[in-house]
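Below is one structure, written out as structure tokens; the observations come after it.
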Amino acid sequence: MSEPKKLFIKTYGCQMNVYDSERMAEALGGQGYVETKSPDDADMILLNTCHIREKAAEKVYSELGRFKGLKAEKPDLKIGVAGCVAQAEGQEIMRRQPLVDLVVGPQSYHRLPEMEAKTRAGEKALDTDFPEEDKFEKLKNRPKAKRGPTAFLTVQEGCDKFCAFCVVPYTRGAEVSRPADRIIREAQDLVERGVREITLLGQNVNAYHGAGPNGDMTLAGLIWELNKVDGLERIRFTTSHPNDMTDDLIEAHGTCDKLMPYLHLPVQSGSDHILKRMNRSHTAESYLRLIERIRAARPDILMSGDFIVGFPEESDADFQATLDLVDEVQYGYAYSFKYSTRPGTPAAERPQVDPQVADERLQRLQALITRDQRKIQDSMVGRNVHVLFEKPGRQQGQMVGKSEYLHAVHVADADVAVGALREVRITSSGANSLAGELV
Ligand code: SAM
Ligand code: SF4
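Residue numbers (this note's numbering): 126 to 564.
Okay, structure coming up:
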């Protein structure tokens with residue numbers, strides 16, 4: 126039997142890329158590849174890239190440059206670029222970095238086996254189509270290998286919202302939802318392999334409208350179906366748009382026992398002027414009222430969000446409105462980014478905010494977010510939470526898992542297996558995690 130070929134995948138960006146990387150590794154598994162943790166002994170290196178911010182693409186080019194020596198030593202090594210930078214830059218990647226053999230966009234990676242064969246025949250392979258066929262259908266069933274207790278499952282891709290700053294509608298294409306029965310089958314298969322918590326993924330996951338037995342299903346409908354899967358203990362979803370928080374989804378947060386009390390709901394800015402210029406089609410007020418309704422359905426829900434500071438035309442007053450909104454919501458987690466110009470998007474053409482001003486605003490916003498985050502984390506001390514244990518900790522006998530609120534929880538001398546779901550009393554709160562003892 127011939128030695129398996131080795132595949133090294135490096136993943137940048139969002140959780141959807143993490144999922145895509147798994148699926149690409151599985152697709153190449155059929156070509157005799159097994160994954161390796163080091164590029165040094167790889168026969169193929171794949172960078173699964175993100176294009177959401179400028180530096181990400183530059184990082185990819187500098188990473189590719191670092192493989193020059195490896196390729197010189199090992200001429201048979203194949204180097205590929207996948208993901209959103211591949212989609213956006215296409216042929217340009219091969220022009221700028223001739224050592225690249227393969228470029229594949231996020232909608233075409235089911236064609237990787239043929240593309241890999243082409244590179245083995247000494248040709249370059251490029252595919253950045255938005256093909257008609259469903260890539261998930263074309264991908265083979267996932268191998269039955271055992272897995273850890275948590276997994277991502279992509280249910281929806283692409284976006285039709287065209288926020289003025291965002292490349293997603295261009296790199297990932299129009300919004301498409303996978304049919305419900307296939308998602309449920311994939312979830313059952315993951316559970317058989319040891320998964321107990323599934324995070325449903327989509328760029329606009331709550332816009333999900335996949336085909337169900339009685340017409341299109343909403344995300345809430347899909348969650349209720351998944352709620353029936355035996356052995357699946359927890360369901361999460363990300364990322365949501367405020368305009369797609371339908372009544373049934375809000376209600377599910379109060380009534381669906383496996384749906385976790387955590388919601389990532391990006392708002393981007395607290396200023397109505399900026400929200401309008403961002404083409405977000407919601408206001409700060411409508412967002413706050415929405416959170417009120419969500420909290421009425423599930424009072425202990427932990428809110429998370431995304432913010433962009435230094436968007437073109439953002440004044441001090443606009444920025445203050447963002448700080449006010451953060452203060453009012455009290456986020457358990459929030460991710461904030463300095464606006465990054467994306468060529469081809471409407472905001473790229475507008476007068477930009479002074480980068481120093483944007484830097485200073487980012488620091489102020491992050492300080493406020495950290496304060497709230499810490500306060501909420503500290504408020505868990507003395508409470509009982511449920512922890513899904515994911516791995517051993519750094520100390521002997523220690524186990525680490527996540528609470529329903531997605532806080533990392535450490536338990537010393539815990540006699541529990543990976544995958545166990547146990548009640549834990551929180552005894553202390555550290556910099557980025559909680560500690561507790563089994564109840
Ligand atoms: N669909 C989600 C939504 O509507 O909020 C977000 C998806 S996007 C992949 C993730 C986050 O990246 C966004 O919420 C936004 O905060 C940030 N982002 C997107 N484009 C950006 C840009 N040009 N500059 C800075 N941050 C950006
Ligand atoms: Fe990008 Fe999200 Fe806006 Fe879609 S809704 S354009 S993915 S930020």
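Glycine residues also receive a C-beta, built at the ideal position from the N, C-alpha and C atoms.
Can you list, in chain order, the residues of its chain with a C-beta nearer than 7 angstroms to that of residue i? Leave out the 5 residues immediately preceding and following it.
i    : result
E562 : V536, V549, R550, T552
R359 : R321, E322, K383, M385, L513
T161 : K131, L132, F133, A167
N142 : T136, N173, C175, G208
D285 : P294, A299, E300
M428 : L388, L390, I416, V454, Y456, G457
Do you know whose CA, among the options, lies nearest residue i's CA?
i    : options                : result
R318 : A270, K353, G340, D355 : A270
L195 : P471, D166, Y186       : D166
D538 : G544, T244, G518       : G518
P164 : C139, A181, K203, Q140 : K203
G205 : R496, D226, M505       : D226
R420 : F287, A242, L450, V454 : V454
D397 : H389, L390, Y456, S411 : S411
R422 : T371, V392, V451       : Contrary to the premise, residue 422 reads as Ala rather than Arg in this sequence. Nearest C-alpha to A422: T371.
T363 : L347, N331, P200       : N331
S233 : L450, E248, K263       : K263
R467 : D479, W349, P437       : P437
A152 : K527, V534, P268, I177 : P268
R508 : S554, T495, P480       : S554
A305 : T296, R297, H334       : H334
I308 : G138, G337, K193       : G337
V316 : L344, T275, E350       : T275
D441 : V482, G157, P424       : V482
R272 : Y530, K516, D540       : K516
Got a sec, what are the start and stop residues for the alpha helix (DSSP H) residue i sits in?
i    : result
V478 : Unbroken run through V478: none, as it is neither H nor E.
Y456 : Per DSSP, Y456 belongs to no alpha helix (DSSP H) and is neither H nor E.
N142 : 140-154
F261 : 260-263
I416 : 409-422
K516 : No alpha helix (DSSP H) contains K516, which is instead part of the beta strand (DSSP E) from 509-517.
H378 : 372-380
E179 : 179-191
H398 : 397-402
A345 : 344-352
D314 : 305-317
Buried or exposed for residue i, please, with buried defined as at least 16 other CB atoms from any protein chain shown within 10 angstroms of its CB.
i    : result
H324 : Reading off the sequence, residue 324 comes out as Thr, not His. Per the 10 Å Cβ criterion, buried.
G190 : exposed
G155 : exposed
E217 : exposed
D252 : buried
N329 : buried
P256 : exposed
A312 : buried
G346 : buried
R418 : exposed
R496 : exposed
T343 : buried
T296 : buried
G230 : buried
S504 : exposed
G247 : exposed
S127 : exposed
Q393 : buried
A242 : exposed
E439 : buried
Go through its chain and collect everything with a Cβ distance to residue i's Cβ below 6 angstroms, but skip five positions before and after it.
i    : result
F444 : R486
V228 : V206, A211, I218, L251
A545 : F514
Once you ignore the five residues that flank residue i on each side, which residues in its own chain have a CB closer than 8 angstroms to its CB?
i    : result
Y144 : F277, L278, T279, L326
L448 : G395, R489, L490, L493
Q498 : Y456, G457, Y458, A459
V534 : V510, V512, V525, G526, K527, S528, V549, I551, S558, L559, A560, G561
A181 : Y137, G138, T174, C175, V210
A542 : F514
Within the continuous beta strand (DSSP E) that includes residue i, where are the two ends?
i    : result
Y158 : 158-160
K135 : 130-136
D431 : 427-434
R220 : From DSSP, R220 is part of no beta strand (DSSP E) but of the alpha helix (DSSP H) over 216-221.
L384 : No beta strand (DSSP E) contains L384, which DSSP labels as neither H nor E.
M169 : 169-174
Verify the CB distance criterion: does residue i have a CB-CB separation below 8 angstroms to chain B?
i    : result
M505 : Among the chains of the structure shown, chain B does not appear; only one protein chain is present.
Could you tell me if the beta carbon of residue i falls within a distance shorter than 7 angstroms of some heavy atom in ligand 3?
i    : result
V293 : Although ligand 3 was asked about, the structure shown includes only ligand 1 and ligand 2 as ligands.
| Are three or more beta carbon pairs between the region 168-176 and the region 347-359 nearer than 8 angstroms? | Short answer: they don't touch.
| field | Inter-stretch contact at 8 angstroms, needing at least 3 Cβ pairs: the region 398-412 / the region 365-374 | value | Touching, per the Cβ criterion.
| said: Can you confirm whether the region 460-473 touches the region 423-440 when touching is taken to mean that 3 or more C-beta pairs between the two stretches lie within less than 8 angstroms? | reply: As far as the Cβ criterion goes, the region 423-440 touches the region 460-473, which means the pair count is three or higher.
| said: Whether or not the region 181-189 and the region 220-239 are in contact is what I'm after, with contact meaning three or more pairs of Cβ atoms, one per stretch, closer than 8 angstroms; do they touch? | reply: yes
| If you pair each beta-carbon of the region 466-480 with each one of the region 286-295, do three or more pairs fall below 8 angstroms? | yes
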